[in-house]
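Down below is the structure, laid out as structure tokens.
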Amino acid sequence: GVLRIAAGVGIPQGASVTVRLGEGISGRVAQTGKPLLLDDVEDLPPDWRGEGRGYRAKAFVSVPLVCSTQQAEGKVLGVINMADKKSGQPFTSEDLKLLTAIASQAAIAIYNSQLVEELRKAERVRREMEIARRIQMSLLPERPPEMEGLELAGRCVPASAVGGDYYDFFLADGRVGLLIADVSGHSVGPALMMAITRGVLRSEIARGKSPAQVLAATNATMYEDLSQAELFITAFYASYEKGTRTLTYANGGHNPPFVWRAREGRCTPLDADGMLIGILEDVFYEERATELHPGDVLVLYTDGVTEARNERGEQFGEKRLHRVVAERGHLSAQELLDEIHRRVREFSGGLPPRDDITTVVMKVL
Numbered sequence: 011g012v013l014r015i016a017a018g019v020g021i022p023q024g025a026s027v028t029v030r031l032g033e034g035i036s037g038r039v040a041q042t043g044k045p046l047l048l049d050d051v052e053d054l055p056p057d058w059r060g061e062g063r064g065y066r067a068k069a070f071v072s073v074p075l076v077c078s079t080q081q082a083e084g085k086v087l088g089v090i091n092m093a094d095k096k097s098g099q100p101f102t103s104e105d106l107k108l109l110t111a112i113a114s115q116a117a118i119a120i121y122n123s124q125l126v127e128e129l130r131k132a133e134r135v136r137r138e139m140e141i142a143r144r145i146q147m148s149l150l151p152e153r154p155p156e157m158e159g160l161e162l163a164g165r166c167v168p169a170s171a172v173g174g175d176y177y178d179f180f181l182a183d184g185r186v187g188l189l190i191a192d193v194s195g196h197s198v199g200p201a202l203m204m205a206i207t208r209g210v211l212r213s214e215i216a217r218g219k220s221p222a223q224v225l226a227a228t229n230a231t232m233y234e235d236l237s238q239a240e241l242f243i244t245a246f247y248a249s250y251e252k253g254t255r256t257l258t259y260a261n262g263g264h265n266p267p268f269v270w271r272a273r274e275g276r277c278t279p280l281d282a283d284g285m286l287i288g289i290l291e292d293v294f295y296e297e298r299a300t301e302l303h304p305g306d307v308l309v310l311y312t313d314g315v316t317e318a319r320n321e322r323g324e325q326f327g328e329k330r331l332h333r334v335v336a337e338r339g340h341l342s343a344q345e346l347l348d349e350i351h352r353r354v355r356e357f358s359g360g361l362p363p364r365d366d367i368t369t370v371v372m373k374v375l
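The numbering used here applies: residue 11 is where the sequence shown begins, and numbers increase by one.
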């Protein structure tokens with residue numbers, strides 16, 4: 011810790027003194043929490059004198075600001091120093107007693123003031139988080155669209171600290187698009203940035219661009235804003251063609267989704283090369299395709315699912331997620347989504363989530 015002048019009388023205006031704990035008179039008084047009454051500063055060792063060297067008089071008294079409330083538990087908030095007594099006389103034990111009493115009351119007042127300021131800051135943060143949460147939830151679809159031969163489900167469970175997860179569905183000409191994204195940061199700024207990015211993504215998708223083209227165009231549009239804000243976004247976009255049962259996809263640094271193959275009884279990750287959105291201006295996104303069959307299940311998720319922790323600090327992980335889907339792949343999309351979230355809650359033992367938990371499920375009928 012470091013001590014700095016907060017207020018003073020009889021010292022040059024704008025005077026700046028910095029004292030580390032354990033250094034000089036003030037530093038040692040703050041460190042020990044014990045007052046010091048000196049008849050002659052010059053009697054002290056040179057390394058003790060510190061800030062006392064600049065006073066005209068030799069007498070010096072330093073008293074710690076010790077808060078004696080139950081909450082503060084004797085916390086030292088600073089020190090009060092006095093020197094250059096107007097009478098020119100040395101300080102007495104009565105002076106020390108009076109200054110100690112004043113310091114005790116001042117410490118309580120300062121501590122209470124700090125508490126009030128902390129409460130105000132906490133309230134500002136709470137309001138900011140509430141605004142961010144409202145922005146975030148307003149971005150999510152009210153319900154999944156309906157398409158013959160498919161079941162769709164999606165859910166975002168927000169954490170106490172807003173994370174910025176986003177998912178969406180798109181229907182057009184016998185195709186369904188599935189999008190999942192996550193913005194770095196936890197406040198109004200990242201939430202607003204995700205809202206802007208959502209508009210860009212939806213605009214590019216509406217133009218009929220392929221998954222790789224959608225991510226590349228979004229990155230090109232959002233790069234400057236994201237880099238200036240020191241934020242980035244992970245995103246995965248897939249387009250499923252009902253007629254050919256072909257899923258085409260691209261990944262922008264997001265957790266690789268996977269397909270549970272009903273015929274084979276195994277999970278296949280869907281990974282493709284691609285940079286996070288907002289890191290580099292000109293980025294190539296690899297595009298891949300795979301064929302789906304009746305009973306196959308596509309699962310998209312954010313890191314809040316796999317990084318959920320239990321009391322031992324263990325993560326839920328991809329293996330557990332794959333196991334849940336393998337065991338319950340026969341369920342409907344909504345039932346499977348419910349089961350995934352139930353297993354994550356059960357694994358976490360009721361601990362509040364550190365990050366948003368977002369999952370999208372598509373099942374081919």
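Backbone N, C-alpha and C define an ideal beta-carbon position, used for all residues, glycine too.
Work out the CA separation of residue j and residue i for me, nearest whole Å.
{"i": "residue 183", "j": "residue 281", "result": "26 Å"}
{"i": "residue 180", "j": "residue 167", "result": "21 Å"}
{"i": "residue 63", "j": "residue 132", "result": "Note that residue 63 has pLDDT 49, beneath the 50 cutoff, so the model's placement of it is unreliable and the number below is only indicative. Those two C-alpha atoms are separated by around 42 Å."}
{"i": "residue 256", "j": "residue 274", "result": "18 Å"}
{"i": "residue 119", "j": "residue 21", "result": "23 Å"}
{"i": "residue 95", "j": "residue 101", "result": "8 Å"}
{"i": "residue 344", "j": "residue 338", "result": "11 Å"}
{"i": "residue 42", "j": "residue 117", "result": "16 Å"}
{"i": "residue 293", "j": "residue 226", "result": "6 Å"}
{"i": "residue 16", "j": "residue 69", "result": "22 Å"}
{"i": "residue 279", "j": "residue 150", "result": "25 Å"}
Give me the Cβ distance between residue i and residue j, rounded to the nearest whole Å; I'm assuming they're in contact under 8 Å.
{"i": "residue 377", "j": "residue 313", "result": "The first residue shown for the chain is 11 and the last is 375, placing residue 377 beyond what the model contains."}
{"i": "residue 205", "j": "residue 244", "result": "At roughly 16 Å, the Cβ-Cβ gap does not stay under 8 Å, so residue 205 and residue 244 are not in contact."}
{"i": "residue 221", "j": "residue 163", "result": "With a Cβ gap of about 21 Å, residue 221 and residue 163 do not count as contacting."}
{"i": "residue 231", "j": "residue 210", "result": "5 Å"}
{"i": "residue 308", "j": "residue 247", "result": "Their Cβ separation, rounded to whole angstroms, is 13 Å, which puts residue 308 and residue 247 out of contact at 8 Å."}
{"i": "residue 284", "j": "residue 305", "result": "So it is not a contact: roughly 29 Å between Cβ atoms."}
{"i": "residue 75", "j": "residue 88", "result": "4 Å"}
{"i": "residue 265", "j": "residue 316", "result": "7 Å"}
{"i": "residue 347", "j": "residue 369", "result": "6 Å"}
Which word fits residue i, buried or exposed, when buried means at least 16 other C-beta atoms lie within 10 angstroms of its C-beta?
{"i": "residue 203", "result": "buried"}
{"i": "residue 48", "result": "buried"}
{"i": "residue 178", "result": "buried"}
{"i": "residue 146", "result": "buried"}
{"i": "residue 90", "result": "buried"}
{"i": "residue 363", "result": "buried"}
{"i": "residue 28", "result": "exposed"}
{"i": "residue 320", "result": "exposed"}
{"i": "residue 53", "result": "exposed"}
{"i": "residue 291", "result": "exposed"}
{"i": "residue 267", "result": "buried"}
{"i": "residue 6", "result": "Only positions 11 to 375 of the chain appear in this structure, which leaves residue 6 out of reach."}
{"i": "residue 215", "result": "buried"}
{"i": "residue 360", "result": "exposed"}
Which residues in the same chain as residue i place their Cβ atom closer than 6 Å to its Cβ, once the five residues preceding and following it in sequence are excluded?
{"i": "residue 185", "result": "249, 251"}
{"i": "residue 289", "result": "242"}
Ordered along the chain, which non-local residues of its own chain (more than five positions away) have a Cβ less than 8 Å from that of residue i?
{"i": "residue 159", "result": "252, 374, 375"}
{"i": "residue 109", "result": "45, 71, 73, 90, 92"}
{"i": "residue 341", "result": "349"}
{"i": "residue 301", "result": "254, 255, 256, 257"}
Cutting at 7 Å between CB atoms, please list the residues of its own chain near residue i, excluding the five before and the five after it.
{"i": "residue 334", "result": "349, 350, 353"}
{"i": "residue 239", "result": "199, 203"}
{"i": "residue 228", "result": "207, 210, 211, 214, 287"}
Quiz prompt | Whole alpha helix (DSSP H) elements within the stretch 213-261, 4-residue minimum | solution = 221-238
Exercise. May I have a chain-ordered list of the beta strand (DSSP E) segments no shorter than 3 residues that lie completely inside the stretch 61-146?
Key: 70-77, 85-93
Exercise. Just list the alpha helix (DSSP H) runs in the stretch 309-336, keeping only unbroken ones of 4 residues or longer that don't cross its boundaries, in chain order.
Key: 313-316
Quiz item: Can you list the alpha helix (DSSP H) stretches of 4 or more residues lying completely in the stretch 155-203, in chain order?
Solution: none
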